[in-house]
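Written out below as structure tokens is the structure these notes cover.
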Amino acid sequence: MATGEQPRGQTLGDRLYDFAFKNRVWKSIFRSGYPNTPRNQMLAVATNVFLHLHPTRIHRTHVKITHTFCLGGLSFFLFLGLTITGVLLMFYYVPSIERAYGDILRLETDVRFGQLLRNLHRWMAHGMVLTVLMHMMRVFYTGAYKPPREFNWVVGVVLLVLTLLLSFTGYLLPWDQLALWAITVGTNMVGSAPILGEPNRFVLVGGFQVGQAALIRFYTLHVIGLPLIAAIFMAVHFWRIRRDGGLARPL
Amino acid sequence: MAVSEQAQPVSGAVRGRQRRAREEELLVWPDLVFIEFIAAVLFTITLAILSVLVDAVLLDRANPAITPNPSKAPWYFLNLQELLLHMHPALAGVIVPTIALIALGAIPYFDTSSDGQGEWLSTPRAWANLIVGSIVGFFGTLLLIFYDASMHVRLYEWVANPGKSKFLSSGELDPSFNGWPESLAFLKSLRSIETELSWPDALTSIPLGEKVLRTDLLGLPAIPLEINVAKVIVEQIIPVSTMIGLPILLSIAAWKVGLAQTKRDHMILQFSGFIAVFVILTIIGTFFRGEGLELVPYTIYSHG
Chain U
1 MATGEQPRGQ TLGDRLYDFA FKNRVWKSIF RSGYPNTPRN QMLAVATNVF
51 LHLHPTRIHR THVKITHTFC LGGLSFFLFL GLTITGVLLM FYYVPSIERA
101 YGDILRLETD VRFGQLLRNL HRWMAHGMVL TVLMHMMRVF YTGAYKPPRE
151 FNWVVGVVLL VLTLLLSFTG YLLPWDQLAL WAITVGTNMV GSAPILGEPN
201 RFVLVGGFQV GQAALIRFYT LHVIGLPLIA AIFMAVHFWR IRRDGGLARP
251 L
Chain H
252 MAVSEQAQPV SGAVRGRQRR AREEELLVWP DLVFIEFIAA VLFTITLAIL
302 SVLVDAVLLD RANPAITPNP SKAPWYFLNL QELLLHMHPA LAGVIVPTIA
352 LIALGAIPYF DTSSDGQGEW LSTPRAWANL IVGSIVGFFG TLLLIFYDAS
402 MHVRLYEWVA NPGKSKFLSS GELDPSFNGW PESLAFLKSL RSIETELSWP
452 DALTSIPLGE KVLRTDLLGL PAIPLEINVA KVIVEQIIPV STMIGLPILL
502 SIAAWKVGLA QTKRDHMILQ FSGFIAVFVI LTIIGTFFRG EGLELVPYTI
552 YSHG
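Residue numbers (the working numbering), protein chains in the order written: chain U, 1 to 251; chain H, 252 to 555.
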């Protein structure tokens, strides 16, 4: 089997190369050598837990930006960014109606880069709703929902709902007038459903009006419940892309 | 050895797929990984710049005693809040979004052909259907919103009374002002069908008793049900028939003129219409619903 590696003379560069990429530590982390040959490039993708969701080869039309506009990947990227900024925000935030608003004010004024952290989280959240919606449109207009990918489209619709719910539960947490009344309007919509609406609204809000019970429910759902469910559906979503034969191609 | 196994094309796993020509394929590392990396870097930079320039909004501390006017849901739910103004709350807030999501999820089970798969709008009439669906959805919804906001009444009065004000300087109504005809008052908006027509009492309160909605079986208080036919027509029958009827009419019209011939054509037509309706409802709900949710230009957060 040809590996594509050329025999090398021992120059200084080669010695440095060997020192950097052929030592025990590097090889213990990355089973393959530095990905500068086709063999190592395929191994780099196939043996890396973060990269192995990719196939090792891909059709040339699928790497054109205008085919996907990277929208699905960007949605995932924003989810990761939201997780990181979200964890940092949790250091400074207590979900209590006495403290929450003050915590946000302190975050903006007392915490170094606190305002930037909050802004990043906010804009990423809005951005993720947008990229998920646009990803859905991309998949529709490229006909990528067609067999055998029907079920993955359904998983995608579930992920769209989860994205909206994640954003909606996060909306209450700053505990300002915007948050309180947006959630009041939103949960009243749930309450308007025939017969089951009011009991459902009661469970969601934890009472008759948005207060401490609602804040702790929304917080818990926002930081652990919904992200876990979304992560599970994302795992299925990505797995199914590979199982169903990668990105859709004209037959 | 791992390589030769990994490098096998995935054909065979997918029925009907032709073997991929090797020369048509690229290696994921570096060709795809590089693009993903650049996209992530560009987005990180863009978001960082945005976050430095624009602060996330923070209004006064939450106060259940002060209701802001208008109170608005997050922007991606403002389309539903906009619907809420035109029909029964259960319909707009729960039933329509639920059915819309189920319909969205069901798309691949209706359109099972492989026409136009894997390429942007590659079927013959795809672009035409996208454009027609979007325009009809966008402007059709806009017209319906204008109708419910009595824009046609304002337009009529403006045309019928050139350069004249409706009120005298004393603040009273000008008697010579050509208003919207009284006999057509029920056409002022959707709601005026209920308020401007003289419905007989026998139709506006039909008692059905407590035994129809058996809420007592769910451990809830019993609800005595009373049917107001006028209300049901305005809040439920007209909105439901509009939301179901107009898309069907659009599909039939597109089919008759030869615009939508295949299932994929109809799918593109309806999906584009749906997206356009979603967009225009969100725009109106976000930027054009002010105090009392009247149809006026509105700056977000100006009430803060």
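Glycine included, every Cβ here is placed at the ideal spot set by N, Cα and C.
Cβ neighbours of residue i in the same chain (closer than 7 Å, five flanking residues each side left out)
i          : result
Ser-443(H) : Ala-436 and Phe-437
Met-136(U) : Gly-156 and Leu-160
Gly-263(H) : The pLDDT assigned to Gly-263(H) is 44, lower than 50, so where the model puts this residue is not dependable, and the model offers no usable value.
Ala-125(U) : Leu-82, Ser-167 and Gly-170
Phe-19(U)  : none
Gln-257(H) : With a pLDDT of 44 at Gln-257(H), under the threshold of 50, the modelled position of that residue is not reliable, and the figure given next carries that caveat. Closer than 7 Å at the Cβ level, and outside the excluded window around Gln-257(H), lies no residue.
Pro-560(H) : The requested residue 560(H) is not part of the displayed model; chain H covers only 252 to 555.
Val-190(U) : Gly-197, Asn-200, Arg-201 and Leu-204
Limits of the unbroken alpha helix (DSSP H) element including residue i
i          : result
Leu-471(H) : Neither: Leu-471(H) is in no alpha helix (DSSP H) and is coded neither H nor E.
Leu-278(H) : Unbroken run through Leu-278(H) is the beta strand (DSSP E), 276–278; no alpha helix (DSSP H).
Gly-460(H) : Unbroken run through Gly-460(H) is the beta strand (DSSP E), 457–460; no alpha helix (DSSP H).
Tyr-101(U) : 100–109
Beta-carbon contacts of residue i that lie in its chain and below 8 Å, excluding the five residues immediately before and after
i          : result
Leu-120(U) : Gly-81 and Thr-85
Thr-392(H) : Ala-527, Val-528, Ile-531 and Leu-532
Leu-471(H) : none
Trp-175(U) : Ile-97, Ala-100, Tyr-101, Ile-104 and Leu-215
Ser-194(H) : Examination of residue 194(H) is not possible in this model, given that chain H is present from 252 through 555 alone.
Pro-250(U) : none
Leu-89(U)  : Leu-107, Leu-117, Arg-118 and His-121
Cβ pair residue i, residue j closer than 8 Å
i          : j          : result
Gly-369(H) : Ala-144(U) : yes
Gly-344(H) : Ala-193(U) : yes
Asn-40(U)  : Gly-33(U)  : yes
Arg-240(U) : Phe-151(U) : yes
Asn-380(H) : Leu-520(H) : yes
Leu-180(U) : Tyr-219(U) : no
Ala-235(U) : Leu-162(U) : no
Thr-131(U) : Leu-71(U)  : yes
His-67(U)  : Thr-61(U)  : yes
Leu-342(H) : Pro-490(H) : yes
Gly-114(U) : Tyr-92(U)  : yes
Gly-367(H) : Ala-377(H) : yes
Ile-457(H) : Leu-464(H) : no
Asp-129(U) : Leu-164(U) : The amino acid occupying residue 129(U) in the given sequence is Val; Asp does not appear at that position. Taking 8 Å as the Cβ cut-off, Val-129(U) and Leu-164(U) qualify as a contacting pair.
Ala-290(H) : Arg-118(U) : no
Thr-37(U)  : Val-279(H) : no
Lys-482(H) : Glu-447(H) : no
Phe-428(H) : Lys-417(H) : yes
His-52(U)  : Glu-276(H) : no
Close beta carbons around residue i, own chain, < 6 Å, minus the five adjacent residues each side
i          : result
Gln-332(H) : Ala-324 and Gly-536
Leu-454(H) : Val-480
Val-547(H) : Gly-541
Partner residues on chain U for residue i, Cβ-Cβ distance less than 9 Å
i          : result
Glu-275(H) : His-59, Arg-60 and Thr-61
Ser-416(H) : Per Cβ cutoff of 9 Å: no residues; Ser-416(H) is ~36 Å from chain U at best.
Glu-370(H) : Thr-61, His-67, Thr-142, Gly-143, Ala-248, Arg-249 and Pro-250
Asp-467(H) : Neighbours of Asp-467(H) on chain U: none; closest Cβ ~11 Å, over 9 Å.
Gly-460(H) : The contacting residues do not exist; Gly-460(H) stays about 16 Å from chain U at best.
7 Å Cβ cut-off: residues of chain H touching residue i
i         : result
Phe-77(U) : Ala-291 and Phe-294
Ala-44(U) : Trp-280
Per-residue contacts from residue i into chain H (C-beta, under 9 Å)
i          : result
Ile-29(U)  : The premise fails here: Ile-29(U) is roughly 16 Å from chain H at the closest Cβ pair, so nothing lies under 9 Å.
Ile-65(U)  : Ile-286 and Ala-290
Met-189(U) : Ala-324, Phe-328, Leu-331, Gln-332, Leu-335, Pro-340, Ala-343, Gly-344, Val-345 and Pro-348
Ser-96(U)  : The contacting residues do not exist; Ser-96(U) stays about 12 Å from chain H at best.
Cβ-Cβ separation, residue j to residue i (assumed contact under 8 Å), whole Å
i          : j          : result
Ala-248(U) : Thr-109(U) : Wrong, their Cβ atoms sit about 50 Å apart, outside the cutoff.
His-337(H) : Asp-399(H) : 5 Å
Gln-209(U) : Ala-313(H) : With a Cβ gap of about 11 Å, Gln-209(U) and Ala-313(H) do not count as contacting.
Asp-362(H) : Lys-507(H) : Not quite, the Cβ-Cβ distance comes to about 20 Å (not below 8 Å), so this is no contact.
Cross-chain neighbours of residue i in chain U, by beta carbon under 8 Å
i          : result
Arg-312(H) : Tyr-101, Trp-175, Asp-176 and Gln-177
Lys-323(H) : Trp-181, Ala-182 and Val-185
Val-347(H) : Chain U residues near Val-347(H): none, gap ~11 Å exceeds 8 Å.
Partner residues on chain H for residue i, Cβ-Cβ distance less than 8 Å
i         : result
Gly-86(U) : Here the premise fails: no neighbours, minimum Cβ distance about 14 Å.
Continuous beta strand (DSSP E) stretch holding residue i: start and end
i         : result
Ile-58(U) : 57–59
Per-residue contacts from residue i into chain U (C-beta, under 7 Å)
i          : result
Ala-307(H) : Arg-118, Asn-119 and Arg-122
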